[in-house]
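Colleague: A single structure is presented below for examination.
In my numbering, the protein residues as written are 11 to 336.
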């Protein structure tokens, strides 16, 4: 019966090839069918529509809370991310992006980083650290971009107020006044004001347009100015007088903040010198202690020391990169 074995092996190999061909043809047929019926495109559009509806529901819920209880210091985590996404201008570059898609992308990237780190090191702890690094980096990305826009808006607010005051002397249509300021503004405030005027003209709902404008800008003083102008537009008050008062208060605020800025910069410099000194001391200390790396990595006390040092470094890093938004 030994002569049957070669034929059996060839038959098994032939069967595998046929099955592989059938599988390939089936996959090709399914892909063509899905492309013909636009299944993937329709599914993606439906998912995007649902996530956008969820974002709008969170916005409506927050607006309702503001009407009933005033401005909220604490907001839902997802709504907080919605605001940071808007304030970071990421949506300007990636128009399809929203909070749900961003979280999904971070989760996929974090899982990939975890698997890569674990496969390279063979230690699961580095996989966890890799995932945490991706999550922290994703949050820092939108935080830093939002902070950069915050500073750009702050530098442009005085110019914006001056333009509003000048145009309000000859015009009482607040949307037109805002539109006249656009050519003289810088990004991102220029885009924010353009979006406001477009929404106000297209919908006729100036109140909602003002609310959407304040949600895009994180700067609290700018929000106060917009809220005061919104109140004026509903009561036909004198725009010029209100804007002049707000500009005076804004100048005092910026003067105080400039003084705080020098204090903060000195503090950051001192922290930097302290960290550099600590690093130098540790580098010198390792010359007197043999196997210091093994002592820190291989013992519980050493791990606790590393954990404490890591927490201190993270705290110092946060202090160094955080923005003064007070």
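Backbone N, C-alpha and C define an ideal beta-carbon position, used for all residues, glycine too. Note that this is a predicted model, so its numbers are computed, not measured.
Can you grab the Cα-Cα spacing for the pair residue 164 / residue 309, in whole Å?
Modeller: As a first step, residue 164 must be located in the chain shown, where it is residue number 154. As a first step, residue 309 must be located in the chain shown, where it is residue number 299. The straight-line gap from Cα to Cα measures roughly 50 Å.
Colleague: By the three-class DSSP mapping on this structure, what secondary structure does residue 228 have?
Modeller: As a working mapping, residue 228 is identified with position 218 in the chain shown. Coil at residue 228, not helix or strand.
Colleague: Quick one: what's got a C-beta closer than 7 Å to residue 211's C-beta in the same chain, skipping five residues either side?
Modeller: Numbered from 1 along the chain shown, position 201 holds the residue referred to as residue 211. Cβ neighbours of residue 211 beyond the five flanking positions: 185.
Colleague: Just to confirm my understanding: we take residue 248, look at its own chain, exclude 5 residues before and 5 after, and list those with CB closer than 7 Å. What are they?
Modeller: Here the question's residue 248 lines up with position 238 in the chain shown. Cβ within range, chain order: n/a, list empty.
Colleague: Relative to the C-alpha of residue 144, which residue among 117, 271, 169 and 188 is closest?
Modeller: Here residue 144 refers to the residue found at position 134 when the chain shown is read from its first residue. Residue 144 has its Cα closest to that of 117, out of 117, 271, 169 and 188.
Colleague: Excluding the five sequence neighbours on either side, which residues of its own chain have a C-beta within less than 7 Å of the C-beta of residue 68, listed in chain order?
Modeller: Along the chain shown, one-based indexing puts residue 68 at 58. Contacts found: 86, 88, 89 and 92.
Colleague: Excluding five sequence neighbours on each side, which residues of the same chain lie with their C-beta closer than 8 Å to the C-beta of residue 11?
Modeller: Residue 11 sits at position 1 when you count from the first residue of the chain shown. Interpretation of residue 11 is limited by its pLDDT of 49, a score under 50 that renders its predicted location unreliable; the figure taken from the coordinates is listed afterwards. Scanning its chain for C-beta atoms nearer than 8 Å, with the 5 sequence neighbours on each side dropped, one finds no residue around residue 11.
Colleague: When you compare only the Cα positions, how much space is there between residue 325 and residue 167?
Modeller: Looking up residue 325 in the chain shown gives position 315. Looking up residue 167 in the chain shown gives position 157. Roughly 31 Å between the two C-alpha positions.
Colleague: What do you get for residue 323, buried or exposed, if any count of 16 or more other CB atoms within 10 angstroms of its CB means buried?
Modeller: The residue given as residue 323 occupies position 313 in the chain shown. Residue 323 should be labelled exposed.
Colleague: At the level of alpha carbons, what is the spacing between residue 354 and residue 158?
Modeller: This structure cannot speak to residue 354, because the chain is shown only from 11 to 336.
Colleague: In terms of alpha-carbon separation, which member of 321, 282, 28 and 108 lies closest to residue 59?
Modeller: What you label residue 59 is simply residue 49 of the chain shown in a count that begins at 1. For residue 59, the nearest C-alpha among the options comes from 108.
Colleague: Taking C-beta to C-beta, are residue 190 and residue 202 nearer than 8 Å?
Modeller: One-based indexing of the chain shown puts residue 190 at position 180. One-based indexing of the chain shown puts residue 202 at position 192. Taking 8 Å as the Cβ cut-off, residue 190 and residue 202 do not qualify as a contacting pair.
Colleague: What is the rounded straight-line gap between the Cα of residue 221 and the Cα of residue 127?
Modeller: Mapped onto the chain shown, residue 221 falls at position 211. Mapped onto the chain shown, residue 127 falls at position 117. Those two C-alpha atoms are separated by around 45 Å.
Colleague: Going by other Cβ atoms of all chains shown within 10 Å of its Cβ, with 16 needed for buried, is residue 328 buried or exposed?
Modeller: As a working note, residue 328 is residue 318 in the chain shown. Around the C-beta of residue 328, fewer than 16 other C-beta atoms lie within 10 Å, and the residue is accordingly described as exposed.
Colleague: With 16 other CB atoms within 10 Å as the buried threshold, where does residue 25 fall?
Modeller: As a position in the chain shown, residue 25 is number 15, starting the count at 1. Classification of residue 25: exposed, given that the 10 Å Cβ count is below 16.
Colleague: What does the alpha-carbon distance come out to for the pair residue 270 and residue 180?
Modeller: Your numbering for residue 270 matches position 260 in the chain shown. Your numbering for residue 180 matches position 170 in the chain shown. Rounded to whole angstroms, residue 270 to residue 180 spans 38 Å at the Cα level.
Colleague: Does residue 108 come out as helix, strand or coil in the three-state DSSP assignment?
Modeller: As a first step, residue 108 must be located in the chain shown, where it is residue number 98. Three-state DSSP puts residue 108 in coil, outside helix and strand.
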